[in-house]
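Counting in full-length UniProt numbering, the sequence shown runs from 1 upward without gaps.
For every residue, glycine included, the Cβ atom is placed at its ideal position computed from N, Cα and C.
Structure first, commentary second.
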Amino acid sequence: MQLTSAILPTGPVFEPLRDVSEFARFRVDTELETITWPNGADLAPERIYFQAFKDEDNPALQARFRKWGYP
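Okay, structure coming up:
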């Protein structure tokens with residue numbers, strides 16, 4: 001999965017992550033169960049899951065995404 005500006009939310013905390021060298025500083029936070037960056041930015045785990053599988057032809061998966069508020 002390519003994490004580009006398409007999945008990075010907007011806002012000041014995410015702007016530095018558009019630079020590849022800053023983005024590469026991510027860490028896996030096992031407590032939050034997601035990826036985080038030194039500047040305090042993080043991505044919701046369900047957003048990462050949605051981005052990875054949003055194009056799957058699976059009705060149950062699509063229903064879960066709608067329940068989470070994703071189109």
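- Of the candidates Val28, Glu56, Leu8 and Phe65, Leu8 places its Cα closest to the Cα of Asp19.
- Cβ-Cβ distances below 7 Å link Pro38 to Arg25 in the same chain, with the five nearest sequence neighbours on each side left out; the list follows chain order.
- In this structure, Pro16 keeps its C-beta atom at 9 Å or more from the C-beta atom of Glu33.
- With respect to Phe53, Leu61 sits close: the two C-beta atoms are nearer than 9 Å.
- Closest in C-alpha terms to Arg47, from the list Lys67, Phe23, Pro12 and Ser21, comes Lys67.
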